[in-house]
Amino acid sequence: MTEYKTYRQPINKNVFRIAIIALVITLIVGIFATTMLFQVGVGQAGMVVDPLTGSISDPLLGPAFGVKAPWASIVKVHYARETLGMFGDGSDPLADQPSIGCFSKDQLEMQVSILIRWSVDPNKLRELYQSYPSLNWEEKAVASIVKEHLRYITKQYTAVETIELRDQIGLEIEQELTRAIREAVSLRDAIINIEVDLRDIGLPDKYTSAIEDKLAAEQLKIQAEFEAERKIVLANADAQALLIGANATAQQKVIDGRGIREAIDVLIAEQSITDEDYMEFLDLYVYLKTLETLAENENVTFIVGVEGENLLIQPQKP
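22 is the number that the working numbering gives to position 22 of the sequence shown; each next residue is one higher, with no gaps.
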């Protein structure tokens, strides 16, 4: 019977060492990649918090990669552009919070809808994080400031004024909120580039309808007053025109009368008319001038009698 013997090839110790080293390096790289290497995206800033030294690093602005100690943590903050929308009843998915309940100067309740945009100054981001380590400055500070100052501003205006002075109120709200947010001590002057949009000042439907009717009536009243003044001006102008026309006519008649008198005097002098025939000549001259004037009217028919009969003038309808 044939016997078989098993031979084991001795393991190369160098190969074994190389494999162990490669495995260790792989583990180290894996640990390094998962615990020490971090990435910061666009519009983000990353800060390394080291609990051993109790330090917070300066912000690393993305996009970028960074390295930290395995025991340190990374805090990422959006700094480029943030918004706070306060509108609707709280069910709107685009709103962060519902609209703000306020009161007017005449104690009418209203719902103010507003949208605020801002950026965070990266140079002051570390101080802001120290004030709000939970990164909740939007809810705890900005929203609170907005509500407080909105309610103060709306109390300065009546309900009617919130409609009539909408642009003025919007500008005042933007200026007041910008000032208040920048001066808030806890925000460390880190909130910059603040923009405020006053979306709506919602009044009760019945009150809004009543205000609109009142404004429409006032507009009609103003229009009626304007029309009355316009008619008065036109009437005065017509009266002045008539007065000027009457004065001109009167002056023209005076001039015509003087002209007639001068013409008669010339004719009397040329024809050597005696005083006895003066009145007869004057009647004849006036008679002829009257015929001349009437002849210019196309709607007049002349019927002249014979043998000294009277002249008949028959007007015709145009």
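We put the CB at the ideal spot given by N, CA and C, even for glycine.
Since we're looking at a predicted model, the values are computed, not measured.
Asked                                                                                                          : Found
For Ser209 and Trp118, the rounded distance between their alpha carbons                                        : 36 Å
Integer-rounded CB distance, given that Thr154 should sit under 8 Å from Val110                                : Note on identity: in this sequence residue 110 is Met, with Val being the wrong assignment. With 8 Å as the limit, Met110 and Thr154 qualify as a contact, their Cβ atoms being about 7 Å apart.
Under 9 Å between C-beta atoms of Ile320 and Leu177                                                            : The requested residue 320 does not occur in the structure, where the chain is confined to residues 1 to 318.
Ala331 classed as buried or exposed, judged by whether at least 16 other C-beta atoms fall within 10 angstroms : With the chain running from 1 to 318 in the structure shown, residue 331 is simply not present.
Closest residue to Val146 among Glu212, Arg126, Gln156, Val196 (Cα-Cα distance)                                : Val196
Own chain, CB closer than 7 Å to Val49, minus 5 neighbours either side, in chain order                         : Ile56, Ala72, Ser73, Val75
Own chain partners of Gly43 with C-beta closer than 8 Å, once the 5 adjacent residues on each side are dropped : Gly62, His78, Tyr79, Ala80, Arg81
Spatially closest choice to Tyr152 from Ile100, Ile31, Phe226, by CA coordinates                               : Ile100
Simplified DSSP assignment, three categories, for Asn136                                                       : coil
Contact under 9 Å by Cβ, Leu135 with Pro59                                                                     : no
Contact under 9 Å by Cβ, Ser104 with Thr162                                                                    : yes
First and last residue of the uninterrupted beta strand (DSSP E) at Lys76                                      : 73-78
Contact set for Thr83: own chain, Cβ-Cβ below 6 Å, skip 5 residues either direction                            : Arg117
Status (buried if at least 16 other CB within 10 Å, exposed otherwise) for Phe87                               : buried
Three-state secondary structure assigned by DSSP to Leu165                                                     : coil
Buried or exposed (CB count within 10 angstroms, at least 16 for buried), Lys140                               : exposed
Under 9 Å between C-beta atoms of Leu37 and Gly66                                                              : yes
Arg81: first and last residue of the uninterrupted beta strand (DSSP E) it sits in                             : First-last for Arg81: undefined, no H or E at that position.
Neighbour flag for Ala241 against chain D, beta carbons, 9 Å                                                   : The question asks about chain D, but that chain is absent: this structure has only one protein chain.
Given Asp96 as reference, the closest of Val142, Cys102, Tyr207 once Cα atoms are compared                     : Val142
Where the beta strand (DSSP E) containing Ala45 begins and where it ends                                       : 44-50
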